[in-house]
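Here's the structure we're looking at; comments come further down.
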Amino acid sequence: MDTQSMTFALFAFVLFILVLMSAFFSASETAFTSVNKIRLKNYANEGNKKATRALKLLDDYDKLLTTILVGNNLVNILSSSICTWMFTMAFGALGVAFATVFMFVVILLCGEITPKKMAKTNAERYTLQLGGALSFFMTVLSPITFFFKMVNKMTHTNVNEDDVTLTEDELVVMIDQIKEEGTLEKTESELIKSAIEFDDKAVTEILTPRVDVVGIEKTESMDALKDVFIKSGFSRIPVYDETIDRILGVVYAKDFYNRYFKDNGAGKIVEIMRPVKFIPENTTVAKALTEIQRSMVQMVIVVDSYGGTVGIVSLEDVLEELVGEIWDESDEVQHFIMHEEDGTYAVLGDTNISDLMQEIGVELDLGDYDEPTVSGYIQYKLNRVPVKGDRIEDSHVKMIVRSVKNRRVRMVQVTVKPQENQDESA
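If you're matching positions, the sequence shown starts at 920 in our numbering and goes up one per residue.
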């Protein structure tokens, strides 16, 4: 073999190595961008040294990415130059054109598409395996990467940290994606989402409204209070002075029955009444929980700006926002949304409007409506007190009031319009 042939073979070998390095840098970029850092931390906590090294690289992501980009561009430029020389030696003037087409195909397929696709599919494995070589290149190329980092720092506009912070809405979307991937169960994802949204929800969305509050006037007898406990099934009864807007305290069933049987029904209600905590109606659920814990009570009274009673919130109501409905032996199980055989939904008026939209998979046009219940939404749409037979309708759903009690919708029939009808109307 003559000298020229040996030189040609040597350059062909170098070209092959450079294409492999291009594939290495491309795969590294995709793997380290796509890898799940939480899983890496779990591996590191279990003693996996490769995971620890990968996390260390990710801690300085800017340097890592700069190293990958600099390395990839260097090997691509070198490989293109060597290929051009080789093809020029073989084909003369046409060699430049042949080399351009050849390297375009080789770099695109072998240096970009294939390695990135493989790394995307096996991000964790590639991250763990390629970390050692990347650490080496980060050291070797550090003078070049330092130069580019300084140039980037001088020319790059400062980014407000608030603009890159992950928002709650984005976090909820991420949780939904993780659930779809099967990493999280539905109940787990719902619990996490409830915890995220917990701080933004107002107590008015979870309270028992004033009209549904079961209380007793302070001058009533102990026998009357016993009847209220028996009929309502509640373990706590608010005590008021003439009107529910002037709540004085609350009587616990345990305190009542201890006193009732001890004194054979004698005594006054106010003597066993415990103090109660009041919170404004604009309080969040999270703050309500803090007040309940701080005051060591089981229930708080929600009042408006005039001091009138808006409703009551119990510790159970707050916890149900996190874990869902909590039923005990004294509760009458209510199904707020029932899917009928004809495809419609029978919905209680007290149902949360957000829960309804989630159940039927339709986003209703709420406009300026900011109350939580379906009953309130219908009244808002009608702009009057609803009566049986009233209906509201839009491009998505049709609602028909089936029953009304005390000027409130008790039951409504909801029909979701087929998608094809929406398309035709559009």
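No residue lacks a Cβ here, since even glycine has one placed at the ideal position from N, Cα and C.
Asked                                                                                                                                                                          : Found
Which residues in the same chain have their Cβ closer than 8 Å to the Cβ of ILE1163, if we skip the five residues on either side of it in sequence?                            : ARG1129, VAL1132, GLY1134, PRO1157 and THR1228
So who's on the other strand from ASN1271, going by DSSP bridges?                                                                                                              : THR1292
Just to confirm the assignment, what range does the alpha helix (DSSP H) spanning VAL1025 have?                                                                                : 1014 to 1025
Can you tell which of LEU929, GLU1031, LYS1196 and ASP978 has its C-alpha closest to the C-alpha of LEU939?                                                                    : GLU1031
Are the beta-carbon atoms of VAL933 and ILE1001 separated by less than 8 Å?                                                                                                    : yes
Count the other C-beta atoms from every protein chain shown that fall within 10 angstroms of the C-beta of ASN995, then say buried if there are 16 or more, exposed otherwise. : buried
So, using beta-carbon positions, are LEU1137 and ILE1188 closer together than 8 Å?                                                                                             : In the sequence on display, residue 1137 carries Lys and not Leu. Contact flag set, yes.
Run through the DSSP bridge pairs and tell me what ALA1143 is partnered with.                                                                                                  : For ALA1143, which the question treats as bridged, DSSP gives no partner whatsoever.
Ordered along the chain, which non-local residues of its own chain (more than five positions away) have a Cβ less than 6 Å from that of THR1202?                               : VAL1122
When the distance is taken between beta carbons, is ARG1303 closer than 8 Å to GLN1217?                                                                                        : no
Rounded to whole angstroms, what's the CA-CA distance from ILE957 to ALA1172? Just pull it up for me.                                                                          : 48 Å
Express the C-alpha separation of LEU1126 and GLN1332 in angstroms, rounding to a whole number.                                                                                : 24 Å
Could you tell me which residues DSSP puts in a beta bridge with MET1318?                                                                                                      : ILE1311 and VAL1333
May I ask you to list the residues that DSSP assigns as paired with THR1127?                                                                                                   : ILE1231
Does LEU1060 come out as helix, strand or coil in the three-state DSSP assignment?                                                                                             : coil
Excluding the 5 residues preceding and the 5 following MET1318 in the sequence, name in chain order all residues of the same chain whose CB lies nearer than 6 Å to its CB.    : ILE1311, VAL1331 and VAL1333
Measuring CB to CB, does ILE1220 end up less than 8 Å from VAL1195?                                                                                                            : yes
Here's the rule: buried if 16 or more other CB atoms are within 10 angstroms of the residue's CB, otherwise exposed. What is ALA1052?                                          : exposed
Taking C-beta to C-beta, are VAL1335 and VAL1316 nearer than 8 Å?                                                                                                              : yes
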